[in-house]
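Worksheet for the structure shown next.
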Amino acid sequence: MTDKPVVSLRNLSFTYPGATSPVFRDFSLSVGGSEFVAIVGGSGVGKSTILRIASGLIKAESGTVEIAIAKEPTRRRRALVFQDGRLMPWRTVAQNTALGLEGLALSEAEKTRRIADVLALVNLSDMADRWPHQLSGGQVQRIGIARALAVKPDVLLMDEPFSAVDAMTRRHLQTELVRIWQQSGTAIIFVTHDIDEAAFLADRIIVMGDSPARIVNETTVPVDRDLRRDSQDLSRYADSVAGALDFQI
Amino acid sequence: MITGTAHLRRVALGVAGLLTFLLLWKATESFEWVRRGTMPDPLLVPAAAMDELRSGRFLPAIGSSLIHYFWGLGLGTVMGFIVGALAATIRSFDDFQRYLARVLRPIPPLAWVVFAIAWFQVSHAGAAFVISIGVFWVNYFATYTAVQNVDPRYYELAKAFGQGNYLARSMKVTLPAAMPGVMGGVRTGVGQAWMTLIAAELLGVPGLGQEMNSAAGVGAYEAVVVYMLAISAVYALSDILFATVEGRLLRWRP
Ligand SMILES: Nc1ncnc2c1ncn2[C@@H]1O[C@H](COP(=O)(O)OP(=O)(O)OP(=O)(O)O)[C@@H](O)[C@H]1O
Ligand SMILES: [Mg+2]
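Those protein sequence lines, which keep their order, are chains A and B. The numbering used here puts the first residue of the first sequence at -19, with every later residue one more than the last. The numbering used here puts the first residue of the second sequence at 13, with every later residue one more than the last.
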């Protein structure tokens, strides 16, 4: 990580209302301007909670979240891809995709173009007029991704975005995500359960342990992007992450 | 899928139900199972309908009732929705109206007839006022409950995509998410308004209810049945109208 951090989480402490112990205490993480960071860790350690704080949905009791990028009227600084997809059932696919664009300084034509672009990206152009109840779980997740990409975020926060898509689509989306990330220069924090996925996607893999959540291992993946799909090296990094996780559990 | 014959069978059964009812009715009248002269003859109802139409009282009575109905229903629905929605979304307003609602809610709409007559005399406004009270409570509770039950995850979603202020939340989450529940209330109100309307008119405001009352007063029971059927027909029409509007608004539902 050579570039200046664009997201800095510093000394965050957080306890859910009514919970007896904090999810984390003094948690810190910095992500560079066009860095791809993956977070892996057991269920319930607090991965989603970190993304909710980083995206501004909930406030930490102490500590700061800093986004070192100026606001622009045609994009949003942060966008979150929810673990459960989360579409509004009363909006069509295209209308759901447009949610984050509403209130941005864009012409209707520009909005329509962005929606068409991101729907094409997730291979769902022909579903633009469908209602969410007419979609499969994997399609719902892809719309969730399209909705986040539409706002051209500086920081893209993704919470297990591919957990419900089939293996084929997953590979396609992983490749597309890397391509989008390389073109757009957005920073990505990507939560996943899948170590191989983390090794394929990320510059840096963070392993989280719990009670309270903390970083127990950090692995940098210096493998060339073009060689990753078949690289033998990659599995070495994956194994090292798996080792750290095992130790944890 | 309903096949052609299955559909025909269902229609036939429905018609058979109607015919059975008519037969029982006719038998009750012919064999005098109830006191003589108090049971109308179903076969004389069409003739009675023609008489009522020719008398020139039937259509004005329907017109008068419809005026009460639309004003009472409209006012009660709009007010019930507004107050219910505000109470469910603004904590201090909820606290403010809490005890007041407890006190006023149990009073049946018809109990207000006394004041309706005192304030509005026997007029359209009085009838509309009484009807709107019942409709108000139905919509108030339906809206209140529907808004309170909106899944908070949608508010979180709206906030994550820059739609977090009160107006954006209300228009983009609360309103559409609560719409099925609100519509359920409106539909109950559509029916409830008819009940109250006839009862209010029985107490003296001109309309179908009053015509029914005066026909009964002179023992013209066939005419009473004509008015009953008229009520049934107008209700069916308003229900169909409502279902069309609802279907359009809730087209996103599976
Ligand atoms: N709204 C809430 N109220 C109280 N506790 C919560 C709430 N949401 C999550 N928690 C608790 O906080 C902890 C962290 O939850 P979080 O959703 O961040 O985990 P996660 O790492 O994303 O898990 P998973 O991999 O299963 O998605 C868990 O122990 C969970 O039970
Ligand atoms: Mg999670």
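For glycine and all other residues, C-beta sits at the position ideal for the given N, C-alpha and C.
| Check | Outcome |
| --- | --- |
| Interface flag, A/P141 vs chain B, CB-CB below 8 angstroms | no |
| Contacting positions in the segment 44 to 71 of chain A - beta carbon closer than 9 angstroms to chain B | R56, R58, A59, L60, F62, D64, R66, L67, M68, P69, W70 and R71 |
| A/T(-18) classed as buried or exposed, judged by whether at least 16 other C-beta atoms fall within 10 angstroms | Below a pLDDT of 50, predicted positions are generally treated as unreliable, and A/T(-18), at 49, falls in that range; the measurement from the model is reported next regardless. Exposed. |
| Unbroken beta strand (DSSP E) run spanning A/S10, endpoints | F4 to G12 |
| Cut-off 7 angstroms between Cβ atoms - residues of its own chain near B/I243, not counting five sequence neighbours on either side | W206, I210 and L220 |
| DSSP bridge partner residues for A/L(-11) (one or two, in chain order) | A/L9 and A/V45 |
| Length of the line joining the Cα atoms of A/Q154 and A/A218 | 16 angstroms |
| Rounded Cβ spacing between A/R184 and A/E198 (contact assumed at less than 8 angstroms) | 6 angstroms |
| Distance cut-off 7 angstroms: A/D139 Cβ against heavy atoms of ligand 2 | yes |
| Cα-Cα separation between A/F180 and A/L(-8), rounded to whole angstroms | 29 angstroms |
| Delimiting residues of the beta strand (DSSP E) encompassing A/F16 | F16 to G21 |
| Backbone secondary structure at A/L86 - three-state DSSP | coil |
| Per-residue DSSP class, three states only, for A/E140 | coil |
| Candidates A/D210, A/I175, A/S215 and A/R194: closest to A/K27 by CA position | A/R194 |
| Counterpart residues of B/I227 in DSSP-defined beta bridges | Contrary to the premise, residue 227 of chain B reads as Ala rather than Ile in this sequence. Answer by DSSP bridge pairing: none, since B/A227 is not bridged. |
| Cross-chain neighbours of A/W161 in chain B, by beta carbon under 7 angstroms | Within chain B, no residue comes near A/W161; the closest Cβ sits about 20 angstroms away, beyond 7 angstroms. |
| Cβ pair A/V131, A/L81 closer than 8 angstroms | yes |
| Nearest residue (CA-CA) to B/A189, options B/S226, B/I74 and B/Y166 | B/Y166 |
| Own chain residues within Cβ distance below 7 angstroms of A/E156, not counting five before or after | L101 |
| Sub-8 angstroms separation of B/V125 and B/V142 beta-carbons | yes |
| Own chain, CB closer than 7 angstroms to A/I95, minus 5 neighbours either side, in chain order | A74, T77, A78 and A130 |
| Neighbour flag for B/P266 against chain A, beta carbons, 8 angstroms | yes |
| Limits of the unbroken alpha helix (DSSP H) element including A/A74 | V73 to T77 |
| Test: A/E41 CB closer than 8 angstroms to a CB of chain B | no |
| Alpha-carbon to alpha-carbon, B/A180 and B/G174 | 9 angstroms |
| Any non-hydrogen atom of ligand 2 closer than 7 angstroms to A/K27 Cβ | yes |
| CB contact flag (A/A224, A/A18, <8 angstroms) | no |
| Integer Cβ distance of A/P(-15) from A/R57, believed to fall under 8 angstroms | No, A/P(-15) and A/R57 are not in contact; Cβ-Cβ is about 14 angstroms, not under 8 angstroms. |
| Amino acids of chain B, ordered along the chain, whose beta-carbon sits closer than 7 angstroms to that of A/S35 | A172 |
| Any non-hydrogen atom of ligand 1 closer than 7 angstroms to A/Y(-4) Cβ | yes |
| Chain-ordered neighbours of B/E165 on chain A, where CB pairs are closer than 9 angstroms | It is Arg, not Glu, that sits at residue 165 of chain B in the sequence shown. Correct list: F62, D64 and R66. |
| CA-to-CA distance, B/L71 to B/I79, given in whole angstroms | 12 angstroms |
| Extent of the continuous beta strand (DSSP E) to which A/G189 belongs | R184 to G189 |
| Under 9 angstroms from the C-beta of A/E82: neighbouring residues of chain B | F173, G174, Q175, A180 and K184 |
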